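Just so we're aligned: the sequence shown equals residues -22 to -1, 1 to 752 in mature numbering (1 follows the signal peptide of the UniProt record, and there is no 0).
Using N, Cα and C, we set each Cβ at its ideal position, and we do this for glycine too.
Only a predicted model underlies this, so the values are computations on that prediction, with no experimental measurement involved.
Right, one structure below, let's go through it.
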Amino acid sequence: MNLIKYTSLLLSVFVLSMSGYAQEEQAEEKQEGHTNQNKFRQLYDEFATPNVYRTASGAPGHQYYQNTADYVMDITLDDENTRLYGEETITYTNNSPDALEYLWVMLDQNIRAKDSPAKERNSSEFAPVTPAGNFVNSHMKADFDGGFNIKKVHRNGEAIPYTINYTMMRVDLAEPLMPGESFDFSIEWDYLINNHTINGGRSGYEYFEEDDNRAYVIAQFFPRMAVYNDKEGWQNYQFWGSGEFALPFGNYDVKITVPEDHILDATGKLQNRDQVFSKVMLDRFEKAKTSYDEPVVIVTEEEAIANEKMNATKTKTWEFKANMVRDFGFATSRKFIWDMMAVKVGDKDVMAVSLYPKEGNPLWEDWSTRAVASTLETYSNFTFQYPYHKAISVHARSQGMEYPMICWNYGRPDENGFISDRVKFGMMSVIIHEVGHNFFPMIVNSDERQWGWMDEGLNTFMQYLSEQEFAKKYPEILQGNNQVYEKYPSRRGEPSKIVNYMKGNQDFISPIMTNPEQVYQLGNNAYGKPATALNILRETVMGEELFDYSFKKFAQRWMFKHPTPEDFFRTMEDASAVELDWYWRGWFYTTDYVDIGIEDVKNYFITSNPTVEGKALLARYGIDDPANDPRTKDAVYLLTADSESFEASMKEGDPLENAPKLREYLMDNFTQQEIDEMKHPKHIYEITFNKPGGLVMPIIIEFHYADDTSEIIEYPVQVWRKNDSEVKKAIFSEKEIVKMIVDPKEETADIDTSNNVWPRENKASEFDAFKEGK
Ligand SMILES: [Zn+2]
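This is the structure we're talking about:
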């Protein structure tokens, strides 16, 4: 038998009387000290100290501020030469308590400048065998020169000095911009638009050879103000391609001039609909405003095909105004089909909109706008009422990218018109995801340059919930080409889907709390793992009610503001009274994984007679005659079937019959009624749980009993607080346990389930030993 386990049990019975002896024994050995590495310790070292801007509760502080940038812009598209021209006037308002000596403006397009260092930031090498396509792509393509041509930076015509450092431009001020003051200045610029299907990027055009047309999805297209705040000062971390954007809120007034036959939509409210819409389009638009069940087509496929053949030389100017947005994007093409549908969000009507070339049909006319509408509903339920008047989904090949009120999405039938399940669900998922980004980070405006997971992770988590809701609303989408899906096949969010990543090679895994440029696997790191972590937090750790309240609280506290990770972590605790430092530490600050197993199970029996092992143990503490020693004469002894003192009869009958002293003790100290009300355990087990994984998690265990019943018990995560590698649980059961399963519903992303079951499957000897009660 295992004497150590036996000892610890006995000691716990005699812990008070024996404590003096035990301490003496320990004092003999000299020990090293250590600092606190407990997984439950508070995150004081990792978190910034709360202050007047951000409170310890995770809410904006009483002196919270944010600066704003308002833009008036005149944009012209030269379709023939694929060049974009712009003149903009920025009004920057300093709401910070600091005097600003200069302003930083972001020039994101410079990532595509001929000499951009981003092109050389990865190591490159030759492989002995290379597909021709890869060889051409990597080594033979002409350098595209798509950087900004900054023609003028001025104030009312007077030049302002500036310095460009790659994707950042410092605008030097003659006088510091004092707290409460605004500064307006203008920039004239142009750049060569990239073909995003060839040169990559989140913005650009796709060229359609068949009809010699382009579809433009244009963003990061104008010099944009950087964020200045209490957290980073100026956020002027360069744009290297992976870390997205940090942008202040502001109001936009934008005129966009494009060929007359283009269909265009953008961030903001269209100001001159009467001038850019035909009479027919206006009539259809009026109809769409009250069509809540199905999209109304504003520009039909036939009309779009007719437009494709035009080649207008005249232009048309579309005017938009947007308030409280952090960015501006637009899409324009003569290929676009356009449809819209109204959706009730809270007490408000919002327009769900789609723009797509005929190449997207019939997928797009069927599902895009419906997905937009459903997403707005679900996200609004979990966060806040969507505050803008519309949300647009634009079809662009291989794109999945978000801007306020507008986003680009992939998903197109193949040349034969075939729509695979992968393409269909991929298209729906990317629309749900990108429309969802309106909430995170367009409104809950986190710093994407620094923390990719704050928008991607929160948004992918919400995407998972929205996908499931979408399939409930439209169950027909579950009909695949060759199968019927039980529920929406979400790619991310289910705990089982993250296991392969979390158990992967640690050399290529980063903690979630890592800047996106240094992350190894951005998709898993910034999307999959945080989304799953939040899902597990909701379903398994906090419960839906506490989680949903706290998550909504975070969204509402930081709506139209700039939250940091700590603001999120703190709010989730603050609003729920669920201690979560251990969870944030494990899941967000480390690459530890979940692996909890059952190491051992002992079946115990009870007797009043001093056992051989019991006597030996007690002798060490000077008790030589336990049956008569006053400290132990009432003692009860627990033993396993392989104890020297074990007798076969102990397996039979009520344990109390085997331990007359326990019965006597009961009779002497309790009334018969009290005894009747007590539990009368018939089976005594001691389970040893081990934890090969670094993450602490609640232990969820399913007991199967001999009478074919089962139940799930959850031990709180705190069970690991004093021993991170192993915990024991003493079980007194009325029923005989025949099987135990840890994490039976696979809800914790446990990476190795082979140790989750007892008796171990496929291990006959252990099973037999267990059955024998050993
Ligand atoms: Zn995203």
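Asked: When DSSP labels each residue in this structure, what does residue 73 get in the three-state scheme?; Found: coil
Asked: Roughly how many angstroms separate the alpha carbons of residue 738 and residue 572, rounded to a whole number?; Found: 19 Å
Asked: Under the three-state reduction of DSSP, which class applies to residue 173: helix, strand or coil?; Found: strand
Asked: Check the C-beta distance from residue 310 over to residue 442 and give it rounded, since I have them as a contact under 8 Å.; Found: Rounded, the Cβ-Cβ distance is 33 Å, inconsistent with contact.
Asked: Buried or exposed: which applies to residue 321, given that a residue is buried once 16 or more other Cβ atoms fall within 10 Å of its Cβ?; Found: buried
Asked: Measuring alpha carbon to alpha carbon, tell me which residue in 264, 18, 594, 240 is nearest residue 254.; Found: 240
Asked: Please list the terminal residues of the continuous beta strand (DSSP E) segment that includes residue 154.; Found: 146 to 155
Asked: Is any non-hydrogen atom of ligand 1 found closer than 6 Å to the C-beta of residue 434, if you look at the structure I gave you?; Found: yes
Asked: How is the beta strand (DSSP E) around residue 384 delimited, first residue to last?; Found: 384 to 387
Asked: Round the Cβ separation of residue 44 and residue 73 to the nearest angstrom and send it over; I've been treating them as touching at under 8 Å.; Found: 6 Å
Asked: Compute the Euclidean distance between the alpha carbons of residue 735 and residue 482, then round it to the nearest angstrom.; Found: 23 Å
Asked: Given a threshold of 16 other Cβ atoms within 10 Å of its Cβ, counted over all protein chains shown, does residue 633 qualify as buried or as exposed?; Found: buried
Asked: Is residue 354 buried or exposed, if buried means 16 or more other CB atoms sit within 10 Å of its CB?; Found: buried
Asked: CB-CB under 7 Å to residue 703, same chain, minus the five flanking residues each way: which ones, in chain order?; Found: 668, 669
Asked: Taking residue 313 and residue 286 to be in contact with their CB atoms under 8 Å, please state how far apart those CB atoms are, rounded to whole angstroms.; Found: 6 Å
Asked: Return the bridge partner residues of residue 626 from the DSSP annotation.; Found: Per DSSP, none; premise fails for residue 626.
Asked: Kindly list the residues whose CB is nearer than 8 Å to the CB of residue 539, restricted to its own chain and excluding five residues on each side of it in sequence; keep chain order.; Found: 38, 42, 44, 422, 423
Asked: Rank 329, 205, 162, 338 by C-alpha distance to the C-alpha of residue 137 and give the top, closest one.; Found: 162
Asked: Counting only the same chain and skipping the five closest in sequence on each side, list residues whose C-beta sits under 8 Å from that of residue 56.; Found: 62, 63
Asked: Alpha carbon to alpha carbon, how far is residue 626 from residue 650? Give it in angstroms, no decimals.; Found: 30 Å
Asked: With distances taken Cα to Cα, identify the nearest neighbour of residue 800 among 196, 533, 588, 644.; Found: With the chain running from -22 to 752 in the structure shown, residue 800 is simply not present.
Asked: Using only CA atoms, which one of 331, 269, 207 lies nearest to residue 244?; Found: 331
Asked: In terms of alpha-carbon separation, which member of 672, 713, 723, 99 lies closest to residue 690?; Found: 723
Asked: Just list the alpha helix (DSSP H) runs in the segment 543 to 582, keeping only unbroken ones of 4 residues or longer that don't cross its boundaries, in chain order.; Found: 543 to 552
Asked: Across the segment 172 to 191 and the segment 356 to 371, are there enough close Cβ pairs to call them in contact, namely three or more that are closer than 8 Å?; Found: no
Asked: Per DSSP, which residues does residue 61 bridge with? Please list them.; Found: 56, 170
Asked: Pick from 568, 640, 547: whose alpha carbon is nearest that of residue 559?; Found: 547
Asked: Per DSSP, what are the beta-bridge partners of residue 132 in this structure?; Found: 137, 164
Asked: From the DSSP output, read off the bridge partner residues of residue 308.; Found: 196, 244
Asked: Please confirm whether residue 666 and residue 706 have their CB atoms less than 7 Å apart.; Found: yes
Asked: Can you tell which of 103, 458, 70, 697 has the C-alpha that lies nearest to the C-alpha of residue 164?; Found: 70
Asked: Apart from the five residues just before and just after residue 498, which ones in its own chain have a Cβ nearer than 7 Å to its Cβ?; Found: 486, 487, 488
Asked: Can you list, in chain order, the residues of its chain whose CB lies under 7 Å from that of residue 733, leaving out five sequence neighbours each side?; Found: 575, 576
Asked: Name the residue from 406, 479, 386, 520 whose alpha carbon lies nearest to the alpha carbon of residue 468.; Found: 406
Asked: Could you compute how far the alpha carbon of residue 225 sits from the alpha carbon of residue 494?; Found: 17 Å
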